[in-house]
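Taken in sequence, the protein lines are chains A and B.
Quick note: the first sequence uses my numbering, first residue -3, plus one each step.
Quick note: the second sequence uses my numbering, first residue 24, plus one each step.
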Amino acid sequence: MKRIACALLALALLCGFALAERGSELPGLTWESRMELRYATGFSVDYYEGGYALIDVAGEGRCLVVPEGMDAPEGLDADVAVLRQPLNRIYLAATSAMALFDALGALDDIRLSSVQQSGWYVDNAAAAMEAGDMLYGGKYSEPDYELMVNEGCDLAIESTMIHHSPKVQEMIELLGIPVFVERASYEENPLGRTEWIRLYAVLTDREAEAERFMEAQEAAVAELEGFENTEKTVAFFYISSDGSAVVRASSDYVPRMIEMAGGRYVFDDLVSEESARSTLSISLEEFYAAAVDADYLVYNATIDDPLADVNGLLAKSPLFADFKAVKEGNVFCTGKYLYQATDIVADTILDFHRMLTGREEEMNFLYELH
Amino acid sequence: MKKNRRILAMLVLIAMLAAALGAGAEATLTGRAHRPTPSPSTGSSWVNTPDPDAQDSQSPEAGATGAPGLETAGAETPVPDDSAFEPGEETPVPEGEIFLPGEGTSMPDGTESPAPEESGEASPEPVEATPDAETTPEAETTLEVEATPEAEATSDAAGDAQGGVTSPVDDSTTLPDGSYAPEEFHFSGGTGKTKISCARVVVSGGRARAAIAFSSVNYTLVKASGQRFEAQAEGGGSSFTIPVALNQDNRILATTTAMGASHEIEYIIHITLTGTGDPGDEPDEYEDGDYGIDIESDYKMFRIASSSAKVSQGKVVVTICTDSVSYDRIYIGAKEDLDRSGFVQGALNDAGTGYSFTFELPKSCMGRSIDFVPGKPDGTWYEKKQYHLIIPEALGDKLGGADEPEVPDLEDGEYGVEVESSASMFKVVKAVLTAKGGSYTAVITLSGTGYDKLYMGTAAEAETADAGTYIGCTADAEGKYAFAIPVPALDAPVDVAAHSVKNDKWYDRQLTFKSDTLRKPEAPDLEDGEYGVEVESSASMFKVVKAVLTAKGGSYTAVITLSGTGYDKLYMGTAAEAETADAGTYIGCTADAEGKYTFAIPVPALDAPVDVAAHSVKNDKWYDRQLTFKSDTLQQVGGAEETAAPSPSPSPSPAPAETPEADLNGSTSRVDSSTALADGVYAPDRFSYSGGTGKVTLSCPRVTVSGGRAKATIVFSSPSFSYVKANGQKIYGSHGGSSSSFEIPVKLNANNRIIGMTTAMSQDHEVEYTIYVYLAAAEEGGGASADAPAVPGLTYLSKDEFDAAEFFAIYRYAGGSTVIEVEGAGRYLIAGEGTELPAGIEEELTVLPRPVEAAYAADEAIYDRIACIGDPDALSAVKLAGFEGGAPGFAGSCEAPDYAALLKAGCDLAVMPREFAEAEAHSDVVERLGLLGIPVFVDRSLDEASDAARLEWIKAYGVIFDCEEEARAAYAAMAAAQAA
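1. Under 8 Å, CB to CB, which of the residues in the region 925 to 949 of chain B have a partner in chain A?
2. Hey, does Glu257(B) have any beta-carbon neighbour from chain A nearer than 8 Å?
3. Looking only at DSSP bridge pairs, what is Gly372(A) linked to?
4. Start and end of the beta strand (DSSP E) containing Thr381(B)?
5. By alpha-carbon positions, which one of Ala215(A), Pro251(A) and Met125(A) ends up nearest to Lys228(A)?
6. Looking at Glu766(B): is its Cβ nearer than 8 Å to the Cβ of Pro625(B)?
7. Below 8 Å on the Cβ atoms is my contact criterion, and I expect Tyr478(B) with Ser523(B) to pass it. Report the Cβ-Cβ distance as a whole number of Å.
8. Please list, in chain order, all residues of the same chain as Val367(B) whose beta carbon is under 6 Å from its beta carbon, the five residues on each side excluded.
9. What are the residues of the region 461 to 492 of chain B that lie near chain A, defined by any Cβ-Cβ distance shorter than 8 Å?
10. Could you say which of Thr588(B), Val556(B), Glu975(B) and Tyr438(B) lies nearest to Met564(B) if we only look at CA atoms?
11. Keeping to the same chain, check which residues put their C-beta closer than 6 Å to that of Ile957(B); ignore five residues upstream and five downstream.
12. Run through DSSP, which three-state label would Ser964(B) get?
13. I need the boundaries of the alpha helix (DSSP H) containing Gly953(B), first residue and last residue.
14. Any C-beta of chain A sitting closer than 8 Å to the C-beta of Lys323(B)?
15. In terms of alpha-carbon separation, which member of Met256(A), Leu276(A) and Pro63(A) lies closest to Asp343(A)?
16. Please list, in chain order, the chain B residues whose beta carbon lies closer than 7 Å to that of Ala311(A).
17. So, are the CB atoms of Ala90(A) and Arg202(A) less than 8 Å apart?
18. Check the Cβ-Cβ distances between Pro73(B) and every residue of chain A, and say whether any is below 8 Å.
19. Hey, could you find the ends of the alpha helix (DSSP H) Ala215(A) is sitting in?
20. Identify the contact partners of Leu36(B) in chain A, using a Cβ-Cβ distance below 7 Å as the criterion.
21. Would you kindly work out how many angstroms separate the C-alpha atoms of Asn120(A) and Gln112(A), rounded to a whole number?
22. DSSP on Val524(B), reduced to helix/strand/coil?
23. I need the boundaries of the beta strand (DSSP E) containing Ile983(B), first residue and last residue.
24. Please tell me whether Tyr922(B) has its Cβ less than 8 Å away from any Cβ of chain A.
25. At the level of alpha carbons, what is the spacing between Gly805(B) and Val814(B)?
26. Does the contact criterion of 3 or more C-beta pairs under 8 Å hold for the region 976 to 995 of chain B versus the region 885 to 894 of chain B?
27. Output yes or no for whether 8 Å exceeds the beta carbon distance between Val224(B) and Ile294(B).
28. Is it buried or exposed for Thr297(B), if we count other Cβ within 10 angstroms and need 16 for buried?
29. Run through DSSP, which three-state label would Gln113(A) get?
30. Using 8 Å as the cut-off, can you tell me whether the region 167 to 182 of chain A makes contact with the region 21 to 30 of chain A, which would need three or more C-beta pairs spanning the two stretches below that distance?
31. Can the beta-carbon of Ala254(B) be found closer than 8 Å to that of Asp360(B)?
32. Are there 16 or more other CB atoms within 10 angstroms of the CB of Asp200(B), so buried, or fewer, so exposed?
33. Taking its Cβ as the centre, do 16 or more other Cβ atoms sit within 10 Å of Gly908(B), making it buried, or is it exposed?
34. Tell me whether the beta-carbon of Ser347(B) lies closer than 8 Å to the beta-carbon of Gly377(B).
35. Considering only C-alpha positions, which residue in the set Ala897(B), Pro920(B) and Ala900(B) is nearest to Phe906(B)?
36. What in chain A is Cβ-close to Arg888(B), meaning under 8 Å?
Pasting the structure below:
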């Protein structure tokens, strides 16, 4: 009996530990809830009594959002950055977030941009810069420190590129400005990337707007549920200046989008040899072998210039004339500004869907090459 | 029994519980793992590894992807402005998603963690060392055992060495002595990966010997007929000449060193030769000389553009030239071979568009496909598939013409002649041959300025020859290089080694003066001057509507106007040559007043078709064209001296080609490009520039002075610059694959402001640069001293005499500029009022602000020293300090300054103590101040040996704070007090 009792106790304890859902413990704060994320896996948000929120970005670290007028709790771990609300003089060097801030209606909170006015396709951002409400703060690797200090910048939102310039991050922090590094681009699920809007909503107190936005995106994508895959193959690529083809790894979000749209990405088990990167460079010959029979070619013009017509593609290599998609007239190109329009994930999936179902005239962000 | 049963029941229960626990625990754990939100605090399972490719800070722009906002790793937006991403640059693959999922992290869709694959890939084996490569020892053993009973059982698993034996064969034959091609050749054995071929059978003294070759270079030894034979040649494979019994199976043992260890492999070869063919059918011996040869590769990405063979003393050395730079080395052999140390390194061709590979080709390779593996410059090899070089059966025609009957000596006189060159980059556009008493000399003009010296001989000879025997160049009217060389013979290739300016290297070249193109100039050279002339074109689409020919010193150039704007570039040569030529040799167009395109081209001869390849804008393609300048239509128009384009004239000339479009925006101003330098082509002593975004680099390969005016050739590292505004003009240039080049009038040794227009990003952009072209010879005055820092653009005057100080010096320059040199710490430049500093000077010296508005003094000693000058204005400029309690605001100690405070105060100079002189000390602070744009001046007064020397440092502060008079006075007073 003793043995059984011990065994039962052990079982109970184990289950107890396993089942107890405890959020991150913070000294002096009472945990309330955790944000339920539906698609994103790269961050988590824990809510605490009093309006505090702890954001944890996998691989980057944690930061605590402190409501206006409140203090940071004592005894906080040194590695937790403190972000004091209101965060409304932000230096944004992660360009993909701009559209999300716009969708939240929080553009006013961004004071400095790492992109010049002429570089913004997010209309409202360009307009804000035109009006002088948003200033050019220098590119991420060479920010205008003096301007940041003089403008009272209270947060720098950077992309992971900042890790290439650690001294810059250090300098910003030495000036007393916390640095937040976003990793939305690491999400595999396209909607996962969009869900980062909910993180920015926490920073700017706009959770309701974020919810509404997510619902709209999900509704758009839900249209596609149950759609039987056309089994048509799509190659998504661009030709780099050294003549090699740059494609997405099979586990990347673009193939996912293609799949959600009802197509198949032409590489079904492509993994980069060096590490699990999402894009990789392959020789034109390998690309030819894999994609010559693809039903559709979609040229990624966000890096390279958009192609005006199929000749532009042939100019990159005459080999393209052999491609089935070229012969059948199914060559498409992305618009140049797509990467900035974070708020239209669903629409891009729909565009792929339109491409696959012969409704090219309805496309908004892809266009056909003749 | 009851008790036992109870125990049994307990045991069963425990077992079940244990199982349940295990299952439950697992269920809990896996249940957890499948939840969409992993607990991120299970450590950083997502590791961000900086991408070694993406070094350039701009490369993140490459990271953007087509999907909306779904950027890879926060790629920076490509911006269509100054910080624009120019497609000319290499865009490394975006950093993107590098993650190593650790335990506990899960993908919502349960994707396999890439980690196992990753580690698999990380294995050092570059080649699939698969079991079926070559032979495994076990397989060998089996073979051996099966084949001959007398073979020793050599099966050691590690791979045996030379254990097998062969028996002597009867190699006698009744065939007459001679060389025969085998009628049939079969072999069996081995794994099928290596092929054996037999090029010929030589019968000598009634005995037959077969020349066999293995398609892999790793065969070192063959045992045949009871004897051992070593490999004969390298290159395409391993060859051996062995005795054979004709028309029957011969057993041989071949030793291969592939796979690291030696393996002996048995083969059976069977040569059918019955003598029904004629002996000596094959010309197996080629006479020494150069031959064409048509070698092809079956790998599309390794395109052989041309190949040639040189036969010398029975050896054939082939050179294959590719027109792609993807692969810079080849390994002749199977892709399974691990040891590729004998690879052939390719040499980059002059145009940088391809590589040439030279290697010996054993004659046994003729008519065969030989394995090869192409390798990339980064050291990796393309091993996905085995590719081959397909060698024809025989060499092509002998080059340089067969022996011809002697041509009778030419009559004395001058002749125009066409010269064929061995390399397209070494093109002779004009040659005038002078015959005198049966010996010939020629003045040849090259197409480009890549070569500045010639040597009558091979490149190897040139390297070691006395420089006095080199033939130098003379720039002719258009700046082309002409050389006077002896011509030993006509119609035969003459070795003329050429020295490349850019690579500082000699290249082998051959020139052949074609006697059938000799033409005595019908008319004497045209008198210097300008002529209208009619030009016939080979194609109606390439119509010259106007041409002005300029004759100067017997050479002709012309400015031609085309009927349309379809062509934007010309090249003096064929379309094929244009494709591979250096963009610097392209001739760009200039739009004239009516918008028609004009080109300034050299005219090698009148009344003869001149190859002028034309580049079509629409099709982005070069077309072959010929133009003939008809001498009977010449009509003199202009006078002699200052002729029209291409030579610039002192006043903005009306000559069409030389009037680049006037810059209507007025954004650049006219410069005074006059110079006292003699006409000629110069390499700048220094070229620096500022402006732009840092993505594009500028260079200045040469300065051309003509008619006393200087023009600099500025090359942008991107092909997208379509024009440059400079000198108040819009100047068009030429573009190639990776650069754009422009000739711009410049004021030497001065800053010049130019604006480049780039079409990258499909939105035209103007980018401003300031360039500084420095030619020492053009300096007025001068008198540099050996120790004084040479500052381009500043004429050194003198060095201050000091009484005692040793750790600093003050140098004076014209215009009131001063350089303070602090021993071991650096050089500081304080510019004289109104002096324009050369662009890019910050790279060489630390430029201090003038006036100083908000200095930071690190400690009291420094502050006091400045104070003792006694100038209140100077002292008030010290607004910040590294010590508390003083007049300036405390802004953190010098070891840990308050950067935010410095920035807020607009700090423009930090004066630091001597510890900062050592490179390592406080390098982090120096770096950070550098990031913030705050220059650091190091005060080493405390290193001085005496009080007097320490005192003398106020002279430095006098310069820095613009209070030299006060400083001098204060110094004089205090020095006197000290001495007293």
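Built from N, CA and C at the ideal position, the CB exists for glycine as well.
On the basis of the data shown:
1. If the cut-off is 8 Å between Cβ atoms, the region 925 to 949 of chain B has Leu926, Lys927 and Gly929 near chain A.
2. On the second sequence, residue 257(B) is found 234 positions in, with the first residue counted as 1. Here the model assigns Glu257(B) a pLDDT of 48, short of 50, so the residue's position is not dependable and the matter cannot be decided.
3. Residue coverage of chain A in this structure runs from -3 to 366, which leaves residue 372(A) outside it and unanswerable.
4. Position 358 of the second sequence, counting from 1, holds the residue named residue 381(B). Run containing Thr381(B): Tyr378 to Glu383, per the beta strand (DSSP E) assignment.
5. Position 232 of the first sequence, counted from the first residue, corresponds to residue 228(A). With distances taken between Cα atoms, Lys228(A) lies closest to Pro251(A).
6. Your numbering for residue 766(B) matches position 743 in the second sequence. Your numbering for residue 625(B) matches position 602 in the second sequence. Going by C-beta atoms, Glu766(B) is not nearer than 8 Å to Pro625(B).
7. Sequence index remark: in the second sequence, residue 478(B) carries index 455 (1-based). Sequence index remark: in the second sequence, residue 523(B) carries index 500 (1-based). The pair is not a contact, with the Cβ atoms about 12 Å apart (cut-off 8 Å).
8. In the second sequence, residue 367(B) corresponds to position 344, counting from 1. Excluding sequence neighbours, Val367(B) sits near Ile353, Phe380 and Phe382.
9. none
10. The residue you call residue 564(B) lines up with position 541 of the second sequence. With distances taken between Cα atoms, Met564(B) lies closest to Thr588(B).
11. Translated into positions along the second sequence, residue 957(B) becomes position 934. So the qualifying residues of the chain are Cys930 and Ala933.
12. What you label residue 964(B) is simply residue 941 of the second sequence in a count that begins at 1. In the structure shown, Ser964(B) sits in a helix (DSSP, three-state: H, G or I).
13. Within the second sequence, residue 953(B) is the residue found at index 930, counting from 1. Here the alpha helix (DSSP H) through Gly953(B) covers Ser946 to Leu954.
14. For the purposes of this step, residue 323(B) is taken as the residue at position 300 of the second sequence. Yes, because at least one Cβ of chain A sits closer than 8 Å to the Cβ of Lys323(B).
15. Position 347 of the first sequence, counted from the start, is the residue given in the question as residue 343(A). Residue Met256(A) is the option with its Cα nearest to Asp343(A).
16. Residue 311(A) sits at position 315 when you count from the first residue of the first sequence. Ordered by position in chain B, the residues that pass the 7 Å Cβ test against Ala311(A) are Asp643.
17. Residue mapping note: residue 90(A) aligns to position 94 of the first sequence, counting from 1. Residue mapping note: residue 202(A) aligns to position 206 of the first sequence, counting from 1. Against a cut-off of 8 Å, the Cβ pair of Arg202(A) and Ala90(A) comes out as no contact.
18. Your numbering for residue 73(B) matches position 50 in the second sequence. Confidence in Pro73(B) is poor, its pLDDT being 36 and thus under 50, which makes the residue's placement unreliable; the coordinate value appears in the next sentence. It does; some Cβ of chain A falls within 8 Å.
19. Position 219 of the first sequence, counted from the first residue, corresponds to residue 215(A). Glu203 to Ala218 is the extent of the alpha helix (DSSP H) around Ala215(A).
20. As a first step, residue 36(B) must be located in the second sequence, where it is residue number 13. Per Cβ cutoff of 7 Å: Ile0.
21. Working through the first sequence from its first residue, we reach residue 120(A) at position 124. Working through the first sequence from its first residue, we reach residue 112(A) at position 116. Cα-Cα distance, rounded: 13 Å.
22. Taking the first residue of the second sequence as position 1, residue 524(B) is located at position 501. Val524(B): coil per DSSP, three-state reduction.
23. The residue given as residue 983(B) occupies position 960 in the second sequence. Not the beta strand (DSSP E): Ile983(B) falls in the alpha helix (DSSP H), residues Ile977 to Ile983.
24. One-based indexing of the second sequence puts residue 922(B) at position 899. Interface residue, yes.
25. Translated into the one-based positions of the second sequence, residue 805(B) becomes position 782. Translated into the one-based positions of the second sequence, residue 814(B) becomes position 791. In this predicted model, Gly805(B) has a pLDDT of only 47, less than 50, meaning its place in the structure is not dependable; the value taken from the coordinates is given anyway. Distance from the CA of Gly805(B) to the CA of Val814(B), rounded to the nearest whole angstrom, comes to 11 Å.
26. Flag = yes, the region 976 to 995 of chain B and the region 885 to 894 of chain B touch.
27. Working through the second sequence from its first residue, we reach residue 224(B) at position 201. Working through the second sequence from its first residue, we reach residue 294(B) at position 271. Against a cut-off of 8 Å, the Cβ pair of Ile294(B) and Val224(B) comes out as a contact.
28. Indexing the second sequence from 1 puts residue 297(B) at position 274. By the 10 Å Cβ count, Thr297(B) comes out exposed.
29. The count along the first sequence starts at 1 and reaches residue 113(A) at position 117. In this structure, Gln113(A) counts as helix in the three-state DSSP scheme.
30. no
31. Taking the second sequence and counting its residues from 1, the one referred to as residue 254(B) is at position 231. Taking the second sequence and counting its residues from 1, the one referred to as residue 360(B) is at position 337. No, the pair does not count as a contact, with Cβ atoms beyond the cut-off.
32. Position 177 of the second sequence holds residue 200(B). Exposed, because fewer than 16 other Cβ atoms sit within 10 Å of the Cβ of Asp200(B).
33. To locate residue 908(B), count along the second sequence from 1; it is residue 885. Exposed.
34. Here residue 347(B) refers to the residue found at position 324 when the second sequence is read from its first residue. Here residue 377(B) refers to the residue found at position 354 when the second sequence is read from its first residue. For Ser347(B) and Gly377(B), yes; Cβs fall inside 8 Å.
35. Counted from its first residue, the second sequence places residue 906(B) at position 883. Closest option to Phe906(B), Cα to Cα, is Pro920(B).
36. As a working note, residue 888(B) is residue 865 in the second sequence. Those within 8 Å of Arg888(B) in chain A number zero; the least Cβ separation is about 28 Å.
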